[in-house]
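Heads up: the structure comes next, in structure tokens.
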Amino acid sequence: MIAGSGPEVAAQDAPHGLPGHLVGFVEALRARGIPVGPSETVDAGRVVTVLDLMDREVLREGLACALLRRTTHRATFDGLFDLWFPVAIGARGGAFDEVEMPRTPSGEVDIQALRELLAELLAQDGAEQQLEQLAAQLVEQLGQYESARGPSFSAYQALKEVQPHTLLAKILAGLSVGPDTSEFDTEIARRAARGRIDGFRATVEAETRRRVAERIGRERVAGYGVARQAEDVDFLRASERELADLRRSSQRLARILASRLAVRRRHSRRGEIDLRKTLRKSMSTGGVPIDLVNRKPRPGRPELVLLCDISGSVAGFSNFTLLLVSALREQFSRVRIFAFVDRTDEVTRFFDPHTQLDKAMTRIFTESEVIGYDGHSDYGSALSSFARDFPDAVTSRSSLLILGDARTNYRDPDLPTLRELVGVAKHAHWLNPEPQSQWGSGDSAADRYRQVIEMHECRSARQLTEVVSRLLPV
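The opening position of the sequence shown corresponds to residue 30 in this note's numbering, with each subsequent residue numbered one higher.
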């Protein structure tokens with residue numbers, strides 16, 4: 030069956046009408062970490078009343094303007110919009126007037142001719158509609174498979190034989206890129222071709238999500254098939270693209286943390302109540318403490334000592350936290366950063382407000398001594414070398430933050446050294462990117478370390494921001 034525009038499809042699939050469907054869409058946005066309040070929801074309702082509901086893209090842009098506060102929310106919004114306001118219901122076989130899947134004389138899909146057709150369309154300007162039609166046919170005819178719960182669809186299955194990423198040379202030829210083209214123009218064309226290939230893959234994935242959502246429900250598909258907010262990405266499971274988005278958001282999260290610390294520092298300037306002076310002053314009012322006397326506060330920015338595991342298993346978590354702390358340097362009187370794999374070395378000199386993280390990490394591994402023996406995580410050896418080589422790093426004014434999953438490869442965790450460091454520091458906390466349910470499993474010594482130091486689960490940037498803003502002193 031073929032349906033019309035997204036709003037028309039939504040009306041058919043909404044038992045409570047379009048207003049109820051819109052509220053469900055807003056709830057889905059909130060569930061994915063996008064803050065949408067009552068005022069934005071009311072604005073979205075007003076937008077729906079004035080837009081042409083037959084134009085799906087106009088509705089998309091109108092709702093995005095009403096509901097979103099940040100541009101970083103757009104990818105998640107688009108994914109959920111495609112599920113709540115689908116372009117059609119069921120197969121779209123009757124809509125293909127411009128593009129038809131090539132077939133062999135026996136009636137099977139001609140893969141080679143299909144690849145040629147796809148390369149030709151990707152090389153054309155203004156072929157978006159034809160590519161969308163081709164993507165829908167790919168999912169319908171090549172993407173179906175039998176799952177344990179019955180027929181379903183897979184984007185991987187649909188693209189497995191077509192392999193659009195191997196069509197780069199043919200697309201470049203279609204873009205008139207030849208041997209006489211300048212190197213600069215060739216690179217521009219190559220990037221444009223890759224962008225078109227990625228766009229076609231995204232179209233196939235969106236069509237797959239639409240078809241699967243009709244079978245198992247859009248809520249379930251939204252749970253795993255829609256782009257997550259960068260702040261909600263699991264550090265240990267993040268893809269390269271998600272980690273890149275996370276790095277780009279580090280400055281914004283640093284500003285949030287800095288503002289919170291500034292507010293707390295401003296409130297702390299009033300000082301604690303001086304009970305003796307307050308009672309003495311109350312003698313003039315018959316012992317009634319009308320005017321409170323505060324102790325003169327001693328404002329001062331804390332010292333921060335960061336001890337960070339940079340081994341491959343926790344690289345995403347460590348890298349982002351290093352970025353965050355580097356951006357927060359002005360909030361502390363002094364920041365010292367130490368990194369380790371199985372040996373600890375100070376790497377503070379590699380970080381400044383203008384340093385690229387990838388360059389800093391490269392310098393850490395090439396110019397510092399963070400690997401001592403075999404390059405596998407050894408928390409016991411790292412702690413002992415830290416205490417031995419940098420005895421003055423942790424003082425009574427220091428806030429010590431240790432970052433890592435506490436997986437020691439079944440080696441001695443050296444609890445006595447950690448106990449000494451915690452005893453000296455003014456504050457000491459351990460941030461662990463693993464789920465708390467896994468602490469102590471396998472080679473994890475987290476259950477033993479947490480008896481010595483307060484340990485916190487930090488699996489995402491949002492969770493890390495909340496924990497750090499709560500823990501860092503003023």
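Built from N, CA and C at the ideal position, the CB exists for glycine as well.
Reduced DSSP category for Arg266 - H, G, I as helix; E, B as strand; rest coil: helix
Asp274 burial status per 10 Å Cβ neighbour count (16 or more: buried): buried
Thr232 versus Glu161: straight-line alpha-carbon distance, rounded: 7 Å
Pairwise C-alpha distance: Val423 and Asp261: 32 Å
Ala490 classed as buried or exposed, judged by whether at least 16 other C-beta atoms fall within 10 angstroms: buried
Residue from Val354, Glu396 and Thr437 whose Cα sits closest to the Cα of Arg365: Val354
Coarse secondary structure for Ala453, derived from DSSP in three states: This sequence places Val at residue 453; Ala is not what is there. Helix.
Phe54 vs Leu92 beta-carbon contact at 9 Å: yes
Touch test, the stretch 190-198 against the stretch 140-154, Cβ-Cβ under 8 Å, three pairs minimum: yes
Alpha-carbon to alpha-carbon, Glu375 and Thr350: 16 Å
Ranges of the beta strand (DSSP E) found wholly within the stretch 147-207, counting only runs of at least 3: 173-176 and 179-182
First through last residue of the alpha helix (DSSP H) which encompasses His102: Note, His102: premise wrong, no alpha helix (DSSP H); not H, not E.
Rounded straight-line distance, which links the Cα of Ala457 to that of Leu432: 11 Å
Under the three-state DSSP convention, the category Met390 falls into: helix
Residues bridged to His485 [DSSP beta-bridge criterion]: Leu460
Residues near Ala40 in its chain [Cβ-Cβ closer than 6 Å; skip 5 each side]: With a pLDDT of 49 at Ala40, under the threshold of 50, the modelled position of that residue is not reliable, and no figure is offered here.
Distance between Ile63 and Val71 (C-alpha atoms, nearest Å): 16 Å
Own chain partners of Asp476 with C-beta closer than 8 Å, once the 5 adjacent residues on each side are dropped: Trp468 and Gly469
Rounded straight-line distance, which links the Cα of Leu412 to that of Phe229: 50 Å
For Gln258, the nearest candidate out of Ala73, Gln166, Gln492 and Val497 (CA to CA): Gln492
Beta-carbon proximity list for Phe379, same chain, < 7 Å, skipping 5 on both sides: Ala389, Arg392 and Ile393
As assigned by DSSP and simplified to three states, the class of Phe114: coil
Straight-line Cα distance separating Glu486 from Asp9: Since the first and last residues shown for the chain are 30 and 503, residue 9 lies out of range.
At least three beta-carbon pairs within less than 8 Å, the stretch 435-452 to the stretch 403-421: yes
Phe213 (DSSP reduced to helix, strand or coil): helix
Leu109 burial status per 10 Å Cβ neighbour count (16 or more: buried): buried
Anticipated Cβ contact below 8 Å, Phe264 with Gly345, distance rounded: 5 Å
Residues of its chain near Arg61, where Cβ-Cβ distance is below 6 Å and the 5 sequence neighbours each way are ignored: Thr105
Those residues which DSSP pairs with Ile431 across a bridge: Leu336 and Trp459
Sheet register partners of Asp374 (DSSP bridge): Ala368
Cutoff 7 Å; reference Pro441; Cβ partners in own chain excluding five residues on either side: Note that residue 441 is Asp in the sequence shown, not Pro. Correct list, in chain order: Gly409.
For Arg266, the nearest candidate out of Tyr478, Pro464 and Val481 (CA to CA): Pro464
Helix, strand or coil at Asn348 according to DSSP, with G and I counted as helix: helix
Nearest-angstrom Cβ-Cβ length linking Ile200 and Ala148, presumed shorter than 8 Å: 6 Å
Sub-9 Å separation of Ala95 and Arg75 beta-carbons: yes
Met30 versus Val241: straight-line alpha-carbon distance, rounded: Here the model assigns Met30 a pLDDT of 40, short of 50, so the residue's position is not dependable, and the following value carries that caveat. Distance between the alpha carbons of Met30 and Val241 is about 15 Å.
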